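What follows is one structure encoded as structure tokens, with my remarks underneath.
There are 2 protein chains.
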Amino acid sequence: MSHKGHSGIAGKRRAHAPVFAALGDETRLSLVAKLSVGRRCSISQLAGGSKLTRQAITKHLRVLEGAGIVRGVRAGREMLFEFDPQPMEAIQTYLDLVSEQWDQALARLKSFVED
Amino acid sequence: MSHKGHSGIAGKRRAHAPVFAALGDETRLSLVAKLSVGRRCSISQLAGGSKLTRQAITKHLRVLEGAGIVRGVRAGREMLFEFDPQPMEAIQTYLDLVSEQWDQALARLKSFVED
DNA sequence: CTAATATGCAACCTGGAGGTTGCTTAAGAT
DNA sequence: ATCTTAAGCAACCTCCAGGTTGCATATTAG
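Chains as they are written, first to last, in this note's numbering: chain A, 1 to 115; chain B, 1001 to 1115.
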């Protein structure tokens, strides 16, 4: 299976774009950073220390949840959010694919020039 | 320098968010895919085959250029765009950092449970 | 020179992202 | 039972991303 170049780099765009978009915001990146240390956090906890409103933070969390990067679970009167590494792993392998394609391009150029 | 462990996961958000944002659009992901094969392409070339207008494509290319993912060079009457892997490599190492942090969290949890 | 091609520029439109405020409801704490 | 804290809901605002059209300008082809 080396011919027809089904690299897989195409087609999965529809799946990956929302994840990139979710990470394309400073506030959300900061939330991801906080949650990726492992400890589950409530909305108020995450909103504390931010200049933004609790509601603003809630909206950002919903965006992250929509992309699958984060998952919210009820715990009594508070909503605890926890990190899910899967979507970010997915775009990581996507980036690897693009890098690979680029490296092959450089290799082709080199062999052409060396000719 | 040489502060504590200072993984560096913080602070660089301001730099990375625009790159993620630039990749957070299906059309732009498709442009990146086309350009990462190595061959430089003119705007009209890139616009051909798309349902969008040439101007729309131009705007997307400017966004990618703003994030440093792509670079446009004049060549006669046409504008050739070429891929630049650097910004995507940068977010790749950023994702590695987050993964690492997450793995450490899992390790801590495990050693706690193992008591 | 003239026609065709490639791009640039500017105005314009529309929807939704990102943020706020105000009020309501659920759940713990005392 | 009541006070307090956490969160949900909804309306509203502003601004810009994403897209279009129309016209102007450079460059190459014949």
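In this text, a Cβ means the ideal position worked out from N, Cα and C, and glycines have one as well.
A quick note: this is a predicted structure, and the numbers were derived from the prediction, not measured.
If I measure Cβ to Cβ from residue i and keep anything under 7 Å in the same chain, skipping five residues before and after, which residues do I get?
i, result
"Leu67/A", "Note that residue 67/A corresponds to Ala in the displayed sequence, not to Leu. Pro18, Val19, Ala22, Pro87."
"Arg1040/B", "Leu1080, Phe1081, Glu1082"
"Lys1034/B", "Cys1041, Leu1046"
"Lys1012/B", "Tyr1094"
Apply the 10 Å Cβ neighbour rule to residue i and answer buried if 16 or more other Cβ atoms are within range, or exposed otherwise.
i, result
"Asp25/A", "buried"
"Leu1106/B", "exposed"
"Ser36/A", "buried"
"Leu109/A", "exposed"
"Ala47/A", "buried"
"Arg14/A", "exposed"
Cα separation between residue i and residue j?
i, j, result
"Gly1072/B", "Trp102/A", "17 Å"
"Ala90/A", "Glu78/A", "30 Å"
"Thr1053/B", "Arg1062/B", "14 Å"
"Glu65/A", "Glu82/A", "10 Å"
"Gln55/A", "Arg74/A", "17 Å"
"Ser1099/B", "Val1113/B", "21 Å"
"Ile57/A", "Ser50/A", "9 Å"
"Leu97/A", "Ile9/A", "7 Å"
"Ser44/A", "Gln92/A", "30 Å"
"Ser1042/B", "Leu1029/B", "17 Å"
"Gly1038/B", "Gln1104/B", "38 Å"
Looking only at its chain, what residues have a beta carbon closer than 8 Å to the beta carbon of residue i, apart from the 5 residues adjacent to it on each side?
i, result
"Ile69/A", "Val19, Ala22, Leu23, Val32, Phe83, Asp84, Pro87, Met88"
"Ser111/A", "none"
Within a Cβ cutoff of 6 Å, which residues of the same chain sit near residue i, ignoring the five residues on either side of it in sequence?
i, result
"Thr1027/B", "His1060"
Runs of beta strand (DSSP E) wholly within the stretch 1025-1099 of chain B (minimum 3 residues, chain order) | 1070-1075, 1078-1083
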